[in-house]
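Every letter in the sequence shown is one number past the one before it in this note's numbering, and letter 275, counting from 1, is 268. From the three backbone atoms N, C-alpha and C, an ideal C-beta is built for every residue, glycine too. Here the structure is laid out as structure tokens; the discussion comes afterwards.
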Amino acid sequence: MSSAEPLMPCRPEPAPDLARIIRAFEAIPHCRALGITVVDLRYGTGVLSLDYDQRLVGNPRTGNVHDGAITTLLDTVSGLVVMAAVPDDVGVATLDLRIDYLRPATPERPMFGRATCYRRTQNVAFVRGSADHGDAADPIATCAGTFMLGAGGYAAAEAASVHSGGEPARAPAGAVPSAAPETAEPGPAGDVPAVNRRIPYAATLGLETLPGSNGLVAVLRHRDTNIGNSVIRSVHGGVVGALLEHAAILHLLAEAEAETIPKTINVSIDYLRPCLEGDTFARGTVIKQGRRIANVRVEAWQDDPARPVAAAHAHFLLI
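Right, here's the structure in full:
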């Protein structure tokens, strides 16, 4: 998204209670665990911030933040501005989110996620956003997402969570482990579990590896700090997206003979069902691989692989 192409935010009628939305946002366990904070929130537009932290590192050799953390930041700000673009009684559910990673985030610098709900129909809201280090004209990633409005069930419960006036959920102390040592190095080539154990962001979310009959399986262990909706106890959408991206990376390391951690070019995530608390599994499949670019399909599930909770297509640069 270019600063030369301004987007006009939606003007909801009747207007939602922004202060109430912010209070509920501050109670989301995963946002509190990562330290995501509200910089600005207006009707249909907003800005969040995320400080650099060793827990977010995805490549111990470079110190670069895991792209899954950027996904979480953009997913969060996108959902927040939709809530700020519809009346309080309208439910919201994420349909899909596409992210283009333009360049690596610079280590030691905070990130800002910006989004605008620029179009709203009776049933769907459309969002565009970006992440940067403080200059909106120089993004490190951009995103586009769509959200269903007026839905019942999961969507209504999610809206109730954001607009509830109850006691904020408290993330248990010590639930997020400390990062791996700053000097940690990935394990030997081909030892994917060793590589995974040395990625601080994997330890932060509880991402592990399992052998599977159809290839390596990534598993997201249940942690209260991964919760995004305390009402229905569902996993944060950004965490689900991070699981999908991480599973694709591990698959490439295991099956595509990638010698270093691949760089994500873009990812398109479809949210299919609510991902409730409990372990969540994901497995990747290489659709096409060239010498430098790989196209990977990933699906995540909980109880039944035939009923995925989310799916993604992603392109990676093999470096």
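Quiz item: Does the region 84 to 96 touch the region 20 to 31, meaning 3 or more C-beta pairs lie closer than 8 Å?
Solution: Contact between the region 20 to 31 and the region 84 to 96 is absent, because fewer than three Cβ pairs lie under 8 Å.
Quiz item: Are the beta-carbon atoms of Val235 and Leu203 separated by less than 8 Å?
Solution: For the record, residue 235 in the displayed sequence is Ala; it is not Val. It is not a contact, given that the beta carbons lie outside the stated cut-off.
Practice problem: Would you decide whether Glu101 is buried or exposed? Buried here means 16 or more other CB atoms lie within 10 Å of its CB. | Solution: Its Cβ having fewer than 16 others within 10 Å, Glu101 is exposed.
Self-check item: Leu90 - DSSP class collapsed to helix/strand/coil
Solution: Three-state DSSP puts Leu90 in a strand.
Quiz item: Can the beta-carbon of Leu73 be found closer than 8 Å to that of Cys136?
Solution: Cβ atoms of Leu73 and Cys136: not closer than 8 Å.
Quiz prompt | Whole-angstrom C-beta distance between Val83 and Leu142, which should lie under 8 Å | solution = Confirmed, about 5 Å.
Quiz item: Can you name the start and end residues of the beta strand (DSSP E) that Arg190 belongs to?
Solution: No beta strand (DSSP E) holds Arg190; the alpha helix (DSSP H) holding it covers Val185 to Arg190.
Quiz item: How many whole angstroms separate the CB atoms of Val58 and Leu49, which I take to be in contact at a CB cut-off of 8 Å?
Solution: At roughly 5 Å, the Cβ-Cβ gap stays under 8 Å, so Val58 and Leu49 are in contact.
Quiz prompt | Whole beta strand (DSSP E) elements within the region 19 to 92, 3-residue minimum | solution = If only uninterrupted beta strand (DSSP E) runs of at least 3 residues are considered, those enclosed by the region 19 to 92 are 30 to 35, 38 to 43 and 50 to 52.
Quiz item: So, helix, strand or coil for Thr278, using DSSP?
Solution: Of the three classes helix, strand and coil, the one that applies to Thr278 here is strand, per DSSP.
Exercise. Label Leu310 either buried or exposed according to how many other C-beta atoms from any shown protein chain fall within 10 Å of its C-beta, with 16 as the threshold for buried.
Key: Label assigned to Leu310: exposed.
Self-check item: Per-residue DSSP class, three states only, for Val233
Solution: Note: Val233 maps to helix in three-state DSSP.
Quiz prompt | DSSP bridge partner residues for Cys268 (one or two, in chain order) | solution = Note: Cys268 sits in no beta bridge, so no partner.
Quiz prompt | Whole-angstrom C-beta distance between Leu88 and Tyr264, which should lie under 8 Å | solution = The beta carbons of Tyr264 and Leu88 sit about 7 Å from each other, so the pair counts as a contact at 8 Å.
Self-check item: Reduced DSSP category for Ile254 - H, G, I as helix; E, B as strand; rest coil
Solution: The answer is coil: DSSP assigns Ile254 none of H, G, I, E or B.
Exercise. State buried or exposed for Glu151, treating a residue as buried only when at least 16 other CB atoms are found within 10 Å of its CB.
Key: Below a pLDDT of 50, predicted positions are generally treated as unreliable, and Glu151, at 41, falls in that range; the measurement from the model is reported next regardless. Buried is the label assigned to Glu151, since at least 16 other Cβ atoms lie within 10 Å of its Cβ.
Exercise. State the CB to CB distance for the pair Asn118 and Val75, rounded to an integer number of angstroms; the pair is presumed to be in contact (CB under 8 Å).
Key: One detail in the question is off: residue 118 reads as Ala in this sequence, not Asn. Right, the Cβ-Cβ distance comes to about 5 Å (below 8 Å), so this counts as a contact.
Quiz item: Which residues does DSSP pair with Thr139 in a beta bridge?
Solution: Thr139 pairs with Asp89 and Phe119.
Quiz item: So what does DSSP say about His306, is it helix, strand or coil?
Solution: In the structure shown, His306 adopts extended strand secondary structure according to DSSP, grouped into three states.
Exercise. Go ahead and label Asp125 buried or exposed: buried means 16 or more other beta carbons lie within 10 angstroms of its beta carbon, across all protein chains shown.
Key: Asp125 is buried by the Cβ-count criterion.
Quiz item: To which residues does DSSP link Ile286 through a beta bridge?
Solution: In the DSSP assignment, Ile286 is bridged to Leu310.
Practice problem: For Arg13, name the three-state secondary structure that DSSP assigns. | Solution: Note: Arg13 maps to helix in three-state DSSP.
Exercise. Spatial neighbours of Arg300 within its chain, please: CB distance less than 8 Å, with the 5 preceding and 5 following residues excluded, ordered by chain position.
Key: If we look at Arg300 and ignore the five residues flanking it on each side, its Cβ neighbours are Arg266 and Trp294.
Self-check item: Residue nearest to Val62 in terms of C-alpha spacing, selected from Gly138, Tyr194, Asn189 and Ala77
Solution: The residue asked about is misnamed: residue 62 is Ala in this sequence, not Val. The option with the nearest alpha carbon to Ala62 is Tyr194.
Quiz prompt | Asn222 burial status per 10 Å Cβ neighbour count (16 or more: buried) | solution = Classification of Asn222: buried, given that the 10 Å Cβ count is 16 or more.
Quiz prompt | Candidates Asp184, Asp33 and His215, of which the one nearest Arg107 by Cα | solution = For Arg107, the nearest C-alpha among the options comes from Asp33.
Quiz item: Count the other CB atoms within 10 Å of the CB of Ala303; is the residue buried (16 or more) or exposed (fewer)?
Solution: Buried, by the Cβ-count rule.
Exercise. Since I believe Ala211 is in contact with Leu246 (beta carbons under 8 Å), could you give me their beta-carbon distance rounded to a whole number of angstroms?
Key: That belief does not hold up - the Cβ atoms of Leu246 and Ala211 are roughly 11 Å apart, past 8 Å.
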